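**Q** Just dropping this structure here.
Residue numbers (this note's numbering): 393 to 514.
Next comes the structure, spelled out in structure tokens:
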């Protein structure tokens with residue numbers, strides 16, 4: 393399965409970015425092979441619409457699940473509409489979150505956990 397993890401860096405040892413819409417990078421990982429690619433998030437500097445734009449990026453990358461620190465309402469709604477599994481309130485290394493996901497130790501996020509415009513000044 394392909395999953396997307398928000399990241400502050402370009403490796404699996406990078407920290408999870410707490411912001412979905414304004415994450416520095418999305419690491420797209422094939423959980424069966426652990427092969428991955430990195431997408432620089434162009435929405436980081438967006439004046440508005442970062443959550444929806446970021447959601448489109450991970451949908452277009454073929455991700456079936458997203459692991460992050462926080463989802464705002466627009467991103468959450470957009471990803472849910474695309475039937476993407478959502479996991480939030482994560483921190484630590486990307487690789488550790490992937491292992492928790494692979495071992496079924498994460499709970500899905502049924503609703504956004506921050507308000508709109510979270511992380512704009514971060």
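Each residue gets a CB set at the ideal place from its N, CA and C atoms; glycine is no exception. Here the structure is a predicted model, which is why all the values come from computation and not from measurement.
Which runs of the beta strand (DSSP E) fall wholly inside the stretch 468 to 510 and span at least 3 residues, in chain order?
**A** Counting whole runs of 3 or more residues, the stretch 468 to 510 contains the beta strand (DSSP E) stretches 477 to 479.
**Q** To which residues does DSSP link residue 457 through a beta bridge?
**A** According to DSSP, residue 457 bridges with 395, 477.
**Q** When you compare only the Cα positions, how much space is there between residue 466 and residue 495?
**A** For residue 466 and residue 495, the distance between alpha carbons rounds to 29 Å.
**Q** With distance defined between alpha-carbon atoms, name the residue in 462, 486, 456 nearest to residue 475.
**A** Among 462, 486, 456, the Cα nearest to that of residue 475 is on 456.
**Q** Let me know if residue 440 comes out buried or exposed under the rule of 16 or more other beta-carbons within 10 Å of its beta-carbon.
**A** Classification of residue 440: exposed, given that the 10 Å Cβ count is below 16.
**Q** Output the distance between the C-alpha atoms of residue 462 and residue 424, rounded to the nearest integer angstrom.
**A** Distance between the alpha carbons of residue 462 and residue 424: 25 Å.
**Q** Give the DSSP bridge partners of residue 435, in chain order.
**A** None, per the DSSP bridge assignment.
**Q** If contacts are defined as beta-carbon pairs under 8 Å, then residue 408 and residue 482 qualify, I think. What distance do you get, rounded to the angstrom?
**A** With 8 Å as the limit, residue 408 and residue 482 qualify as a contact, their Cβ atoms being about 5 Å apart.
**Q** Does the pairing of the stretch 483 to 492 with the stretch 434 to 454 give three or more beta-carbon distances under 8 Å?
**A** No, they do not touch.
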